[in-house]
Amino acid sequence: MKRIINRYFFVATVVAVTTLTACDKDKNDAPVVYYEQQDQMARAAINTVFVDAAEKDKFNTTTPSQMNATFAAKFKTKLLALNAGYTTNALGQNADALSGLLVTDVLNVSTTAPTTYFDGTNVLTGRALADDVIDISLLLIFGGPSGTSNPGLTKDNVAANDKAFLSSFPYLATPH
Amino acid sequence: MKLRKIMLATALSVAVGGSILWAADHIDSPAVTNQSSDITDVYAFRGADANNLVFVANTQGLLSPSATGAAKFDANTLIEFNVDNNNDNVEDLVIQAIYDGSKMKFYGPVAPSEKGTRSRLEGSVTAEVAVTTYGSTAVTATGSNGIKVFAGPRDDPFFFDLDQYKKVIGGTATGFNNPGNDTFKGTNVLSIVVEVPKTLLGASTGKVNLWVETKKKI
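Rendered as structure tokens:
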């Protein structure tokens, strides 16, 4: 509907200024189909945890390069509201560092190193199917500098998927 | 539902003594709840051939086995992997997947003429594969540029004890059980899997940034 309205408006404008060649060109071009963004995602849990309800759709349609400018201050506020005792985490990140990392919702993927959310050595070099991203996230947000704070909240004790992954393409297990 | 997003939020709300109690449907992203455009998870990892990266976009989460056979991709929903290879968080390449009613057609990796929240199909089809039907062996295909592609139902690879979180939120538990119970056990998603030769990604800095967008035909 929007495209139709725009087209009528365009034609009317063109006629009004009698630049009919532009109008002919418009008619001859094959119409281009456009798609408008509804959702986006990279890391797990970012939008729900750090974005207020009224802004969730806005976050889902804010391009990653604009997320820091638009949401960084809000992410830090949210982090400290959720865990008022936050100081640093096991990676040594203070509240600015952690919220600043998370606000730009992209998956950093290494083309040279092993790909993992966190394996004790590599940090955010990808996301493998078996990565326990919930435990990793909880630990970094609630575990404090040594990972021992809030012990009841830093792992859910579900450490693996219910089906084995495949060793070859398409890697994900067959459906139930 | 944005399950991945819901779950951690539920956990987080526990830690503030229940002062923020979010019901699950209140923390969904309103525009995409229960839509074909709702992304549940994104994965990126080395392929069995370490010269390749595998990108996964899962959609339409929490499908029970009885509902999986009827779940379909939507011909008006573009599923787009965005790749930034110079670390400015702007897409330099896209891999697009669009359903034509029987097959999933892939475009790219290709430098997009449109960046940001509006897209058009870029260039020509580089790979296509029949959508695997529920209960059938996975159908895969390799494109003209060497990408491998799959589209269809899969087990949801995500795992988490969501039910125990709900109990804590409800005040009937104070922490997790050990062992926990995987709430996503036995559920499926609709998956797009693309395995891409690293040479197609232009990753001169040793890394790329990846995110998935879903876009509706306008």
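So the protein sequences, as listed, match chains A and B. The first sequence finishes on residue 206 if you use my numbering, and the numbering steps up by one all the way, no holes. The second sequence finishes on residue 229 if you use my numbering, and the numbering steps up by one all the way, no holes. Ideal placement from N, C-alpha and C gives every residue a C-beta, glycine not left out. Just so we're clear, the structure is a prediction, and the values are computed from it rather than from any experiment.
Query - the region 115 to 128 of chain A: positions lying closer than 7 Å to chain B by Cβ - result: Residues: none.
Query raised in the report: Using the C-alpha atoms, what's the distance from Gly182/A back to Thr185/B?
Result: C-alpha of Thr185/B to C-alpha of Gly182/A: approximately 8 Å in a straight line.
Report task. May I have the straight-line CA-CA distance separating Gly127/B from Glu66/A, to the nearest angstrom? Result -> Answer to the nearest angstrom: the Cα atoms are 9 Å apart.
Query raised in the report: chain B beta carbons: is any one of them nearer than 8 Å to that of Phe195/A?
Result: Closer than 8 Å to some Cβ of chain B, the Cβ of Phe195/A qualifies, so yes.
Report task. Specify, as a first and last residue, the run of the beta strand (DSSP E) that Ile90/B falls within. Result -> Taken as a continuous stretch (DSSP letters only), the beta strand (DSSP E) holding Ile90/B covers 88 to 95.
Requested in this report: Give the range of the beta strand (DSSP E) segment to which Phe56/B is assigned.
Outcome: Membership of Phe56/B in the beta strand (DSSP E) is indicated by the continuous run 50 to 57.
Report task. Quick one: using the 10 Å Cβ neighbour count with 16 as the cut-off for buried, is Ser202/B buried or exposed? Result -> Ser202/B is buried by the Cβ-count criterion.
Query raised in the report: At what residue ranges does the region 147 to 209 of chain B contain a whole run of the alpha helix (DSSP H), taking only runs of 4 or more?
Result: Within the region 147 to 209 of chain B, the complete alpha helix (DSSP H) segments of 4 residues or longer fall at 173 to 180, listed in chain order.
Requested in this report: Taking only heavy atoms of the ligand ADP into account, decide whether any of them is closer than 7 Å to the Cβ of Gly122/A.
Outcome: Ligands are entirely absent from the displayed structure, and the ligand ADP is therefore not among its contents.
Requested in this report: Spell out whether any CB of chain B is found under 8 Å from the CB atom of Pro200/A.
Outcome: Interface residue, yes.
**Report entry** Neighbour flag for Phe117/B against chain A, beta carbons, 8 Å
**Finding:** At a cut-off of 8 Å, the C-beta of Phe117/B has no neighbouring C-beta in chain A.
**Report entry** Tyr110/B - partner residues in DSSP beta bridges
**Finding:** Residue pairing of Tyr110/B in beta bridges, as defined by DSSP: Met115/B.
Query - Sequence-distant residues of the same chain with beta carbon closer than 8 Å to Leu202/A, five excluded per side - result: These residues qualify, in order along the chain: Leu159, Phe195, Leu196.
Report task. Residues of the region 183 to 201 of chain B with a CB closer than 8 Å to any CB of chain A: list them in chain order, please. Result -> Listed by position, the residues of the region 183 to 201 of chain B near chain A (Cβ gap below 8 Å) are Thr185, Gly186, Phe187, Asn188, Asn189, Pro190, Gly191, Asn192, Asp193, Phe195, Lys196, Gly197, Thr198, Asn199.
Query raised in the report: DSSP on Glu224/B, reduced to helix/strand/coil?
Result: Note: Glu224/B maps to strand in three-state DSSP.
Query raised in the report: What does a CB cutoff of less than 7 Å around Lys178/B pick up in its chain, not counting 5 residues either side in sequence?
Result: Excluding residues within five positions, the ones whose Cβ falls inside 7 Å are Ala184.
Query raised in the report: Any idea if Phe101/A is buried or exposed, counting beta-carbon neighbours within 10 angstroms, 16 or more meaning buried?
Result: Phe101/A is buried by the Cβ-count criterion.
Query raised in the report: Near Phe172/A, which residues of its chain fall below 7 Å by C-beta distance, leaving aside the five closest residues on each side in sequence?
Result: Only Asn113, Ser179, Asn180, Leu183, Thr184 meet the Cβ criterion.
Query - Arg165/B, buried or exposed, once every other Cβ within 10 Å from all chains shown has been counted against 16 - result: Its Cβ being crowded by 16 or more others within 10 Å, Arg165/B is buried.
Query raised in the report: What whole-angstrom Cβ distance do Asn69/B and Thr51/B have, given they're in contact under 8 Å?
Result: With 8 Å as the limit, Asn69/B and Thr51/B qualify as a contact, their Cβ atoms being about 5 Å apart.
Query raised in the report: Within this structure, are the beta carbons of Ala149/B and Gly163/B separated by less than 8 Å?
Result: The answer is yes: Cβ separation under 8 Å.
Query raised in the report: Would you call the CB atoms of Val204/B and Ile158/B closer than 8 Å?
Result: No; because the gap between Cβ atoms is not below 8 Å, this pair is not in contact.
Report task. Using a cut-off of 9 Å between C-beta atoms, extract the partners of Ser130/B located in chain A. Result -> Tyr64, Tyr65, Glu66, Gln67, listed in chain order.
**Report entry** Residue from Asn220/B, Glu224/B, Lys226/B, Lys228/B whose Cα sits closest to the Cα of Asn97/B
**Finding:** With distances taken between Cα atoms, Asn97/B lies closest to Asn220/B.
**Report entry** Three-way DSSP call (helix, strand, coil) for Gly72/B in this model
**Finding:** Looking at Gly72/B - three-state DSSP - the assignment turns out to be strand.
**Report entry** Reference Thr117/A; option with closest CA among Gly177/A, Asp192/A, Pro200/A, Ala190/A
**Finding:** Proximity to Thr117/A across Gly177/A, Asp192/A, Pro200/A, Ala190/A peaks at Gly177/A, based on C-alpha coordinates.
Requested in this report: Ignore the nearest five residues each way along the sequence and tell me which others in Ser140/A's own chain have a CB closer than 7 Å to its CB.
Outcome: Cβ neighbours of Ser140/A beyond the five flanking positions: Thr155, Gly156.
Query raised in the report: To the nearest whole angstrom, what separates the beta carbons of Thr137/B and Phe117/B, a pair I think is in contact under 8 Å?
Result: With a Cβ gap of about 6 Å, Thr137/B and Phe117/B count as contacting.
Report task. Within the same chain, show all residues whose beta-carbon is closer than 8 Å to that of Gly134/B, passing over the 5 residues directly before and after it, in chain order. Result -> Contacts found: Tyr118, Gly119, Val121.
Report task. Check each candidate in Asn98/A, Pro200/A, Leu121/A, Thr134/A and name the one with the smallest Cα separation from Val153/A. Result -> Among Asn98/A, Pro200/A, Leu121/A, Thr134/A, the Cα nearest to that of Val153/A is on Leu121/A.
Query raised in the report: In chain A, what lies closer than 8 Å to Thr225/B by C-beta?
Result: Within chain A, the residues Gln67, Gln68, Asp69, Gln70 have their CB atoms less than 8 Å from the CB of Thr225/B, given in chain order.
Report task. Could you name the residues of the same chain whose beta carbon sits closer than 7 Å to that of Ala82/B, not counting the 5 residues immediately before and after it, in chain order? Result -> Around Ala82/B: Gln71, Leu74, Pro164, Leu201.
Query raised in the report: Does the Cβ of Leu110/A have 16 or more other Cβ atoms within 10 Å, making it buried, or fewer, making it exposed?
Result: Residue environment for Leu110/A: exposed (fewer than 16 other C-beta atoms within 10 angstroms of its C-beta).
Query raised in the report: Terminal residues of the continuous beta strand (DSSP E) containing Ala141/B?
Result: Taken as a continuous stretch (DSSP letters only), the beta strand (DSSP E) holding Ala141/B covers 136 to 141.
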